[in-house]
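Protein chains in written order, with the working numbering: chain A, 138 to 315; chain B, 117 to 355; chain C, 683 to 1085.
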């Protein structure tokens, strides 16, 4: 009972963090609108430039992380799709965690643990290989989202593997008893 | 002679005065003996047992075990002596609850460096005391009598020359007492000397020698002719 | 039936398993200690490295910028926040003539709001390789030859390390070299010679950056870097410049570094003080815990004595238990700290707004070894008194307690 509860709750929490973290606690960059000539001047207008002085750059242009309401086509960053994918995988991990609590059979839970490990691997590969995040070292998704997802999915993989090994061993012991 | 004490004295301080818990005891035990030491509480019999086990240092006198004076040994040597020459069954409950029954029995074997493995020997001893099925059980699952038998099996793991028991049946019912005493009788018949301290007169008939301890003084008595449970005892304690 | 030998080590582990809550508390205390020790040390050393890096890298004594743009300049240098400002080239000539000025070099700043590499603005810095004494020395060190027209030298944080070129304003520029990490804002900058920056400027204007319409890179500059004569002090020369040239601000780089050091100065001390206090607290808590534990286990140890355990062995059991629990706690704490300070190091540096440069692997390993040693030590040290007391107890009396 203790194993079911502890492992189930752990994966529930990990799943929720993987799912909603990239939208909230460690957010990705978001959507950036493309740089057309008209838009550039929109973004940089407002600064008065003089010979002796300089020009104050526009604050929105500096940040570049909010969704721009200006008309025109937008370039959706890779990290946006990563966040979307992790939402799905995270929910799946959370649901598998709940199933770990619900099922008593050690063999069923062993199967669920293997599934969790594989999902963890997918959660790890999405931001690192399959989709990726922005390449700029100081973008939020690279500084914050990527390491957070890497650590969370690493923990999920390790915990799932450990749980599977534990269940396999205890099932074998139970079968060996007369 | 397996065990010999000469003029053994142990004094304790009580306030400003000192009193002898063991007062000039001469005792000889051979490997065929099953000795019962009887006496009321406070007579010094447990102190005598602990002196022989090397747990206490005597005030004066000597304790020779197989010719070696154990009272002059350092901690390392006296611990080895206690581990290998003596099997001690302490009073009360002494089985460690953090280990299984089997591990409790094996434990003394591993306290000093030894070749081989104690598992088979431990299982055999558990079988002899009737607890083979409970080898992997936790001590919390055992009754008082079963725990006492585990202590006895543990005491025998290193093939001691002398088995010492301090009031081994004091907290047991009559039937369990009889079972434990039968076990001791079998051990004695297998060639292990036994030195048992008790205040239960009905257990003294199992041995071949009876001594009484009174105010630190040891006196040899005649062994009662009858078996326990209906014996008439030729000795009584002083009022 | 095969069973593992019952060594003292196994006995200690069995004892720890028997009291899971107490063991977990011990591990948790040491884990927190190890986390603070390791994490705090890495943080502290990284900040010191960053400060030293900027002091070593930056060769100018004074920086002349347009009035009110001193903070913008500091942002470029320290935080890598892109900025641009301009004043007349003639100011450089005026500065060069001031008493105490040994040599000068000028820079031209531009920002690009988007490059194909990056989702955030990039700082472009045009400089004169023939007169420069701040960037050129380390470009020479890394690149070994002069920067050609159209070539870029990028800071360590600009784009992926595998990139061979960057596209700005629809034109591709090859990357000639990537500079080593400095932990400063320069890591996020791109450096070019003046011909290249002029080409970029034209590209920016063509791309519609209207704010640049009043600026001419042939006649405008963003900053003047000044090296002062060794016989003069920075305050005097700065005063000379301010009194002869109007509309400018003079940044004394030493003051800037002192400012950083002052902001920084108390932080490492604070971190070390916290670590020491935490270590002492952990030792005290564990000492009390072991004292209570040893008292509860008197009979257990008395039984072990009866079975033949030496006094040394008894003490060894308790010390082993405390060591194993401390080791587990130390490893967990250090691993948790490593999971925070290393993957998130860029984020930490950004949030602190100070130069932040992680130490080399050899230094990290040294800090790791020390943190683990101190964490492993706290348990056995805390249990030593109890271990000695246990080993000295009179077995006979202990067995008879409560009769």
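From the three backbone atoms N, C-alpha and C, an ideal C-beta is built for every residue, glycine too.
Item                                                                                                                          : Value
Cβ separation of residue 245 of chain B and residue 273 of chain B, assumed to be a contact under 8 Å, to the nearest whole Å : Incorrect: roughly 12 Å between the Cβ atoms, too far for contact.
Selection of the stretch 987-1012 of chain C by Cβ proximity to chain B, strictly under 9 Å                                   : 987, 988, 989, 990, 991, 992, 993, 994 and 995
Contact the stretch 162-173 of chain B vs the stretch 212-220 of chain B: 3+ CB pairs below 8 Å                               : no
Residue 1071 of chain C to residue 264 of chain B span [Cα, whole Å]                                                          : 29 Å
Cβ-Cβ separation, residue 878 of chain C to residue 759 of chain C (assumed contact under 8 Å), whole Å                       : Rounded, the Cβ-Cβ distance is 21 Å, inconsistent with contact.
DSSP three-state assignment for residue 172 of chain B, whether helix, strand or coil                                         : coil
Anticipated Cβ contact below 8 Å, residue 158 of chain A with residue 285 of chain A, distance rounded                        : 6 Å
Inter-residue CB distance, residue 788 of chain C and residue 942 of chain C (contact presumed, cutoff 8 Å)                   : About 25 Å separates the two Cβ atoms, so there is no contact after all.
Whole runs of the alpha helix (DSSP H) within the stretch 222-282 of chain A, excluding any shorter than 4 residues           : 243-262
Min CB distance residue 1038 of chain C to chain A below 7 Å                                                                  : no
Cβ pair residue 160 of chain B, residue 329 of chain B closer than 7 Å                                                        : yes
Integer-rounded CB distance, given that residue 234 of chain B should sit under 8 Å from residue 278 of chain B               : Contact doesn't hold; Cβ gap of about 20 Å is too wide.
Own chain residues within Cβ distance below 7 Å of residue 216 of chain A, not counting five before or after                  : 165, 166, 270, 271, 278 and 282
Alpha carbon of residue 222 of chain A to alpha carbon of residue 274 of chain A, nearest angstrom                            : 22 Å
Within 7 Å, strictly: CB atoms of residue 153 of chain B and residue 299 of chain B                                           : no
Closest Cα partner of residue 197 of chain B within the set B/178, B/228 and B/150                                            : B/228
Meets three-Cβ-pair contact criterion under 8 Å: the stretch 1055-1066 of chain C and the stretch 999-1014 of chain C         : yes
Short Cβ contact (7 Å threshold) for residue 249 of chain A with residue 290 of chain A                                       : no
Top-ranked residue by Cα proximity to residue 316 of chain B, from B/156, B/134, B/118 and B/140                              : B/156
Residue 872 of chain C, DSSP secondary structure in three states                                                              : strand
Residue-chain proximity (residue 222 of chain B, chain F), Cβ-Cβ < 7 Å                                                        : Protein chains in the displayed structure are A, B and C, and chain F is not among them.
Within chain C, the residues that residue 135 of chain B reaches when beta carbons sit closer than 8 Å                        : Those do not exist, as residue 135 of chain B stays about 16 Å from chain C at its closest Cβ, beyond 8 Å.
Where residue 204 of chain B meets chain C, residues with beta-carbon distance less than 7 Å                                  : 988
Closer than 6 Å: residue 780 of chain C CB and nearest the ligand NAD heavy atom                                              : Judged by which ligands are present, the structure shown has none, so any question about the ligand NAD falls away.
Anticipated Cβ contact below 8 Å, residue 224 of chain A with residue 256 of chain A, distance rounded                        : Actually they do not touch by this definition, with Cβ atoms about 13 Å apart.
Buried/exposed call for residue 703 of chain C, threshold 16 Cβ in 10 Å                                                       : exposed
Simplified DSSP assignment, three categories, for residue 203 of chain A                                                      : The predicted model places residue 203 of chain A with a pLDDT of 33, which falls under 50 and marks its position as unreliable; any figure quoted below should be read in that light. Correct three-state label for residue 203 of chain A: coil.
Secondary structure of residue 158 of chain A, DSSP reduced to three states                                                   : helix
Proximity of residue 147 of chain B and residue 118 of chain B at Cβ, strictly below 7 Å                                      : yes
Beta bridge counterpart(s) of residue 330 of chain B as assigned by DSSP                                                      : B/333
Delimiting residues of the beta strand (DSSP E) encompassing residue 779 of chain C                                           : Counting along the chain, residue 779 of chain C falls outside any beta strand (DSSP E), and DSSP gives it neither H nor E.
Residue 700 of chain C at chain B interface by Cβ criterion, 7 Å                                                              : yes
Contact with chain A by residue 790 of chain C, beta-carbon distance below 7 Å                                                : no
Residue nearest to residue 206 of chain B in terms of C-alpha spacing, selected from C/987, C/1051, C/1021 and C/1053         : C/987
Residue 825 of chain C - DSSP class collapsed to helix/strand/coil                                                            : helix
Opposing strand residues paired with residue 139 of chain B [DSSP bridges]                                                    : B/125
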